[in-house]
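Remarks on the structure that follows.
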Amino acid sequence: MGIYKLEKAYKTYKSKNEENHALNGIDLSITEGEIVIILGPSGSGKSTMLNILSGIDFLTKGKVYFNNQRLDRMKEEELTNYRKENLGFIFQSYNLISNLTVKENIELGKELSNTPLSMETIIKEVGLKDHVHKYPYQLSGGQMQRVAIARALVKNPKVLFCDEPTGALDEKTGKNVLALLQKINQKYHTTMIIVTHNPSIAQMGNTVIRMNSGKIVETIHNKEIVDAKDLRWA
Amino acid sequence: MKLLFMNALKGLKKKKIQMFGIVAMVMLSTAVYVGMNSAIDRLEDRYYTYLEEQNVEDFSFGVNIDYQKDIKEEDLNYLLGHQLKNITEEEHYIIEKYQQFLKNPTYDIQMIYSVKNILDKYDATSYIEEKKIKPLQNKYDFSYELERSKTISKDNKLLKIMPYQKNNKINTPYLVEGRFPEKDNEISILPGYASQNHLSIGNSYKINDKNYKIVGLSYAPDYVYPLISFSMPIFDEKNNDIVFMTTTAYEKETGVIDNSYALKYNYKTKRKFEITVSPEGDTKVDPMFQIFEDEKDTIIMDMNTMTRIGRIGALQLEFASNRLFAKYFLYLLLAISVLIIVVITKKRIDDERLQIGVLKSLGYHRFSIATSYLVYPILGSIIGGMLGFIIGNFVSTPIASILRSYYTVPLDHYTLNLAYLKTSILIPMFVLSILSYIIAIFMLRKKPLHLLKEGSNLKVNIFSKIVNKLTSFLPFHYRFKYSLAFRSFGKLFIVTITSFCTGLLITLVLIGSNLFNNVIDQSFGGIRYQYMVMLNSVDDQELVEDDKNDYVLNTSIPLVKVTDKNKKEKKLKKENNENITMSITGIDTSAKTIEVLDKKDHNIISGLEDENGIIVNENAKEILNLEIGDVLTFEEKEIKFEYEIIGFHNDYMGYSAYAPRDSLSSKIGFEKSTYNLIYSNDKKYSNISKLPKEESEKINTVLSIKDLKNNIQKQMDRFNGSIYIVIGFASIMTLIIISVIANIVVEENKKTISLMKVMGYKNKQISNIVLNIYTPFIMIAYLLSIPVMKKILNIIVTALVGDIEITIPIELSKIHAIGGLIGLLIAYYIAVNLSKKVLNKIPLAIALKRE
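Those protein sequences? They're chains Z and D, same order as listed.
Under my numbering, residues 1 to 234 are what the first sequence spells out, in order.
Under my numbering, residues 1001 to 1851 are what the second sequence spells out, in order.
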């Protein structure tokens, strides 16, 4: 079943004498429970795509659906509710709150949800049981990203948006994080949309969407999904 | 470094509110400083010149006449041929008896008072006084003149009339407009009174049913603060006037006579009165008053002396206190500005740590990097200082007018004093820059490698960790709030200190208002009479009993001993090594116009049925450590008597007591039922000029309680008005500071705010967590300020009035306290709401930015 759908989606940024088509007539469909990798170089429109799908930004033209609801017609408050009830986010720079402990950072996500998952389960899931009372400055990059994952996951979201989740990590740590995401997808059937410029990650996704200059240049449905730990890093 | 400076300047555009905060604080502080000082300059310089030009007295004095020693046979013979030429037979008989008495003088108070009455009645006393003063003139090199005046009270107006004498050398009247009176139907009046009552030169003016023509507007230079009567202690421009008329017209007018001698040394004296207190607590007055000590048998300080010092010198106190206020207010606001700049600088250094790390790695020293952070204090001082200077000059005129409305003194024309421009800009610039620079250098001390390390600024301080542990039981959003509050201790400190200082200011004015009301309530508590009529001398004629009048004997006598119930002598406090003088009022237990109230407001006058009982005031009780049952011994010359304390009345000024009138008369040596005061509700005392001559001649002063209460109430209303101004000002200051802090908090937490929006938190939830974090600290700071201000006031009051024998209760009602807190919180929530708009505008995309 399709959870997202984009129909003739355009996003144009206007500056003094120029127009920049960040999204240039995109048609797209994402199935629930999939891992979708959006791949492309810098400026290809993949972040814009993420922003449109997550309700952070608005289309200039076209339609965007989430579970058959038009996101492009929603008001600010409705979009906030949509993000609150359905989405989780993981960022390249983790975005942890420095004066909250690990447990409290995860609680920040839990507070939003009407049906949160168990904190203890999530903490155990991400392997941070021994670090709950530490502060972000006391953690490594990989550990911080695990906290971010836990924070996003505890909400029990339908969709997890991951913006370059391994961008700031070394290969080994990056693979561990991706493996965790894969595990979550398998266990909770959370739809995952991963934006990245790293082609190595493509093999772990059900669908890979290649973008360039605001257009989808290729959509690949992987017949074989590779385990994240076995990915060959570019 | 030029690049860093330019970068800092560009960054200012994004920090408008913070820059505005600094400019506003500098502007406020310099505006008050310039406004107050400019206003005072216009008055002060002119004031001292005025005192010199008008040859204002150094002080006034009374003359002590010892009726046993100072009057000789030849003096009486002279007087009988001159001033006492037309005395009655009975009075002649008394003078003859007195002549016999002088051959072998003993202390016969009845005789003395009888002779005094006669000499006062026929104005013969001045002959004796002049004889005593003249020898001292050469010894101390002074000139003197008798200053004559009469007080007339009618229909809420209080007038002081004086004879205008061209030849007077001391206290020469000052002409503002027109001319001085030459004819008997001409007068000159105060310009303020004329203006308030829509009078001008040429208009008619009625005094005691007689019409005069106004020919001039003038000041009496010995009435700089025109305290005309204690019925209206606070000068009321509309209802108080000083009138000059010809000597002939003056002699014909009736009123309460108020004469004293004005002394002016023939050499230049300091115009600034100085009173110093030694480490032992002794008060030493200015050397020019030493004559009172050295010649106390002749020259005495009386009520006139002190009031005239106040009349002339009160303005000096006003100048000194206002300048002090302006100076410390400037420093206070600058101190708060420094704190704000520290917070802003710290934030900038945190934001730019990578850049700073690179510069340091390249070899730039922290001293040179720190100079770029001088942008805020320099710009803030220049802009704020210039604006403050301009505003200060504008407000100096109304301030000068307000100051002058209490005083009669010429005002200099307005002149622009550019020296204050230097002060307005340079002092803030110096203070803010130096302190900011030092703090920036301290903050830049970290090594380049540490600064370049990612997340080097994310370390959590110890307070945050402790607070985290302490608040672990609270719901999540409270823990989050307090962790944000404690993350930046600097901001928390500023908010707390600001709230504390505002609380101090609010508490000060509210206690001040309460103080006035309390002292007035307690002072007027038992008074049921409208008029206190003070007679020139004692009287013991038979009186008709009526409901309107109570006859009272008042005397002041040194208290020499106190013994307790067990007849053990208590240590008695002395002042300047002399015994304390207690004012004892002899009243009848049947008195209708007064109640003697204790602390619980019970009337305890019936206790005076015990003819040896005395009721002492609370002030004396506290200072002298008295108890019921203590026996007080009073003694002066040959008079000595005792009373036992049977109660305490609710009065906090001086040392005073009530005793049974008959027994007091006897103990002093008077006839039974002697009196020298009348407490009256008889309206005839509202206009002395209408009384029969035999009656008005006996009266020294009439104090109208109604006028006094109205006068004080009017001042209270003015004071209450100024309370709202002070509270409003304090709230604005709080608003500015907290707005700046709230703005910094929003800026600092931009990424967190953006993240929370992305996650699905609503703006209202976010602002509640991020902005609304200081409420408990503000409440605690304010509540702490109350006992602190009470303590400070207690110390100040004790230091100021300790030797003047007043106990002043310092209280703040619960309603006032809550009102003050509400005012402060309103300012806080307005500031927070202003920052909410900024918070709501923070885009979600910030959270998605990659570093």
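C-beta atoms are modelled at their ideal positions from N, C-alpha and C, and glycine is treated no differently.
Q | Runs of alpha helix (DSSP H) lying entirely within the region 57 to 124 of chain Z, each at least 4 residues, in chain order | A | 76 to 86 and 102 to 110
Q.
Looking only at its chain, what residues have a beta carbon closer than 7 Å to the beta carbon of Gln-1083 (chain D), apart from the 5 residues adjacent to it on each side?
A. In the second sequence, counting from the first residue as 1, residue 1083 (chain D) sits at position 83. For Gln-1083 (chain D), where only same-chain residues beyond five positions count, the Cβ hits under 7 Å are Tyr-1122, Asp-1123, Ala-1124 and Tyr-1127.
Q | Of the listed residues D:Ala-1827, D:Arg-1323 and D:Ser-1696, nearest to Ser-1871 (chain D) (C-alpha basis) | A | Given that chain D is displayed from residue 1001 to residue 1851, the structure contains no residue 1871 (chain D) and the question cannot be resolved.
**Q.** Neighbour-count burial assignment, Val-1277 (chain D), 16 or more Cβ in a 10 Å radius
**A.** Here residue 1277 (chain D) refers to the residue found at position 277 when the second sequence is read from its first residue. With a pLDDT of 48 at Val-1277 (chain D), under the threshold of 50, the modelled position of that residue is not reliable, and the figure given next carries that caveat. Per the 10 Å Cβ criterion, exposed.
Q: Give every residue of the same chain whose Cβ lies closer than 7 Å to the Cβ of Leu-961 (chain D), excluding the five residues on either side of it in the sequence, and list them in chain order.
A: One cannot answer for residue 961 (chain D) here, as it falls past the ends of chain D, which runs 1001 to 1851.
(Q) Quick check on the burial criterion: 16 or more other C-beta atoms within 10 angstroms. Buried or exposed for Leu-153 (chain Z)? (A) Locating residue 153 (chain Z) in the first sequence gives position 153, counting from the first residue. The residue in question, Leu-153 (chain Z), is buried, as its Cβ has 16 or more Cβ neighbours within 10 Å.
Q: Would you mind working out which of D:Phe-1180, D:Asp-1564, D:Thr-1305 and D:Phe-1319 sits nearest Gln-1165 (chain D), comparing C-alpha positions?
A: If you number the second sequence from 1, residue 1165 (chain D) lands on position 165. With distances taken between Cα atoms, Gln-1165 (chain D) lies closest to D:Phe-1180.
Q. Does any residue of chain D bring its CB to less than 7 Å from the CB of Ile-193 (chain Z)?
A. Reading the first sequence from its first residue, position 193 is the one you call residue 193 (chain Z). For Ile-193 (chain Z), the answer is no, since every Cβ of chain D falls outside 7 Å of its Cβ.
**Q.** Rounded separation between Ile-1587 (chain D) and Thr-1593 (chain D) - CA only
**A.** Against the second sequence, residue 1587 (chain D) aligns to sequence position 587. Against the second sequence, residue 1593 (chain D) aligns to sequence position 593. Distance between the alpha carbons of Ile-1587 (chain D) and Thr-1593 (chain D) is about 11 Å.
Q: Would you mind sorting Glu-1748 (chain D) into buried or exposed? The rule is 16 or more other CB atoms within 10 Å of its CB.
A: The sequence position of residue 1748 (chain D) within the second sequence is 748, counting from 1. Buried, since its Cβ has 16 or more Cβ neighbours within 10 Å.
Q. Leu-6 (chain Z): which of Z:Lys-14, Z:Asn-20, Z:Thr-31 and Z:Lys-16 sits nearest, CA to CA?
A. Counted from its first residue, the first sequence places residue 6 (chain Z) at position 6. Among Z:Lys-14, Z:Asn-20, Z:Thr-31 and Z:Lys-16, the Cα nearest to that of Leu-6 (chain Z) belongs to Z:Thr-31.
Q) Under a three-way DSSP split, which group does Leu-39 (chain Z) fall into? A) Taking the first residue of the first sequence as 1, we reach residue 39 (chain Z) at position 39. Residue state, collapsed to three classes: strand.
Q: Would you check if the region 1184 to 1197 of chain D and the region 1258 to 1271 of chain D touch, i.e. whether three or more CB-CB distances between them fall below 8 Å?
A: no
(Q) Using 7 Å as the threshold, is the C-beta distance between Ser-1785 (chain D) and Gly-1503 (chain D) below it? (A) Against the second sequence, residue 1785 (chain D) aligns to sequence position 785. Against the second sequence, residue 1503 (chain D) aligns to sequence position 503. Cβ distance < 7 Å, so Ser-1785 (chain D) and Gly-1503 (chain D) count as in contact.
(Q) Looking at the secondary structure, which residues open and close the alpha helix (DSSP H) in which Ala-9 (chain Z) lies? (A) Position 9 of the first sequence, counted from the start, is the residue given in the question as residue 9 (chain Z). Where Ala-9 (chain Z) is concerned, there is no enclosing alpha helix (DSSP H), although the beta strand (DSSP E) it sits in stretches over 2 to 14.
Q. Considering only C-alpha positions, which residue in the set Z:Asn-86, Z:Asn-176, Z:Thr-219 and Z:His-133 is nearest to Thr-191 (chain Z)?
A. Looking up residue 191 (chain Z) in the first sequence gives position 191. Closest option to Thr-191 (chain Z), Cα to Cα, is Z:Asn-86.
(Q) Rounded to the nearest angstrom, what separates Ile-1275 (chain D) and Met-1306 (chain D) at their Cα positions? (A) Position 275 of the second sequence, counted from the start, is the residue given in the question as residue 1275 (chain D). Position 306 of the second sequence, counted from the start, is the residue given in the question as residue 1306 (chain D). Confidence in Ile-1275 (chain D) is poor, its pLDDT being 49 and thus under 50, which makes the residue's placement unreliable; the coordinate value appears in the next sentence. Each residue's Cα considered, the two are about 13 Å apart.
Q: Measure the C-alpha to C-alpha separation of Tyr-1761 (chain D) and Leu-108 (chain Z) and round it to an integer number of angstroms.
A: Mapped onto the second sequence, residue 1761 (chain D) falls at position 761. Mapped onto the first sequence, residue 108 (chain Z) falls at position 108. The alpha-carbon atoms of Tyr-1761 (chain D) and Leu-108 (chain Z) are separated by roughly 10 Å.
Q. Hey, would you say Ser-1767 (chain D) sits closer than 7 Å to Lys-1837 (chain D), going by beta carbons?
A. By one-based count along the second sequence, residue 1767 (chain D) stands at place 767. By one-based count along the second sequence, residue 1837 (chain D) stands at place 837. No. Outside cutoff.
Q) Tell me, which residues are paired with Cys-162 (chain Z) by DSSP? A) Taking the first sequence and counting its residues from 1, one reaches residue 162 (chain Z) at position 162. Paired residue(s): Z:Ile-90 and Z:Ile-194.
Q | For Ile-216 (chain Z), the three-state DSSP class (helix, strand or coil) | A | As a position in the first sequence, residue 216 (chain Z) is number 216, starting the count at 1. Of the three classes helix, strand and coil, the one that applies to Ile-216 (chain Z) here is strand, per DSSP.
Q.
Per the DSSP calculation, Phe-1061 (chain D) is bridged to which residue(s)?
A. Here residue 1061 (chain D) refers to the residue found at position 61 of the second sequence. Paired residue(s): D:Tyr-1261.
(Q) Quick check on Thr-1752 (chain D) - is its C-beta less than 7 Å from some C-beta in chain Z? (A) Along the second sequence, read from residue 1 onward, the residue named residue 1752 (chain D) stands at position 752. Judged by the 7 Å Cβ criterion, Thr-1752 (chain D) is in contact with chain Z.
Q: Could you tell me if Tyr-13 (chain Z) is buried or exposed, where buried requires 16 or more neighbouring beta carbons within 10 angstroms of its beta carbon?
A: Counted from its first residue, the first sequence places residue 13 (chain Z) at position 13. Result: exposed.
Q: Take every Cβ of the region 1764 to 1782 of chain D, pair it with every Cβ of the region 1057 to 1074 of chain D, and state whether three or more of those distances are shorter than 8 Å.
A: no
Q. Who are the near neighbours of Tyr-1033 (chain D) in its chain, counting only those whose CB is closer than 6 Å to its CB and skipping five residues on each side?
A. Within the second sequence, the letter at position 33 stands for residue 1033 (chain D). Correct list, in chain order: Ala-1326 and Leu-1330.
Q. Taking only runs of the alpha helix (DSSP H) that begin and end inside the region 1730 to 1817 of chain D, which ones reach a length of at least 4 residues, in chain order?
A. 1750 to 1759, 1763 to 1770 and 1775 to 1801
Q: Determine the burial state of Arg-1891 (chain D): buried for a count of at least 16 other Cβ atoms within 10 Å of its Cβ, exposed for fewer.
A: Look at the range of chain D in this structure, 1001 to 1851, and you will see that residue 1891 (chain D) is not part of it.
**Q.** Given Leu-1416 (chain D) as reference, the closest of D:Tyr-1140, D:Thr-1088 and D:Asp-1041 once Cα atoms are compared
**A.** Here residue 1416 (chain D) refers to the residue found at position 416 of the second sequence. The option with the nearest alpha carbon to Leu-1416 (chain D) is D:Asp-1041.
(Q) Checking 7 Å against the spacing of the C-beta atoms, do Leu-1793 (chain D) and Ile-1810 (chain D) come in under that value? (A) Looking up residue 1793 (chain D) in the second sequence gives position 793. Looking up residue 1810 (chain D) in the second sequence gives position 810. Against a cut-off of 7 Å, the Cβ pair of Ile-1810 (chain D) and Leu-1793 (chain D) comes out as a contact.
Q: Going by CA-CA distance only, name the one from Z:Leu-39, Z:Gly-33 and Z:Gln-186 that's closest to Glu-194 (chain Z).
A: Here residue 194 (chain Z) is taken as the residue at index 194 of the first sequence, counted from 1. Note on identity: in this sequence residue 194 (chain Z) is Ile, with Glu being the wrong assignment. Comparing Cα-Cα distances from Ile-194 (chain Z) to each of Z:Leu-39, Z:Gly-33 and Z:Gln-186, the minimum goes to Z:Leu-39.
Q) Tell me which same chain residues have a C-beta within less than 6 Å of the C-beta of Ile-1605 (chain D), skipping the five on either side of it? A) Locating residue 1605 (chain D) in the second sequence gives position 605, counting from the first residue. Closer than 6 Å at Cβ, skipping near neighbours: Thr-1589 and Val-1596.
Q | Residues near Val-1745 (chain D) in its chain [Cβ-Cβ closer than 7 Å; skip 5 each side] | A | Taking the second sequence and counting its residues from 1, one reaches residue 1745 (chain D) at position 745. Answer for Val-1745 (chain D): Lys-1491, Val-1770 and Leu-1771, listed in chain order.
Q: Note the first and the last residue of the continuous beta strand (DSSP E) segment covering His-976 (chain D).
A: Any property of residue 976 (chain D) remains undetermined from this structure, which presents chain D solely from 1001 to 1851.
Q: Determine the burial state of Met-1036 (chain D): buried for a count of at least 16 other Cβ atoms within 10 Å of its Cβ, exposed for fewer.
A: Walking along the second sequence from the start, residue 1036 (chain D) turns up at place 36. Under this definition Met-1036 (chain D) is a buried residue.
Q. Just the Cα atoms here: how many angstroms apart are Phe-1235 (chain D) and Leu-1227 (chain D)?
A. The sequence position of residue 1235 (chain D) within the second sequence is 235, counting from 1. The sequence position of residue 1227 (chain D) within the second sequence is 227, counting from 1. C-alpha separation (whole angstroms): 6 Å.
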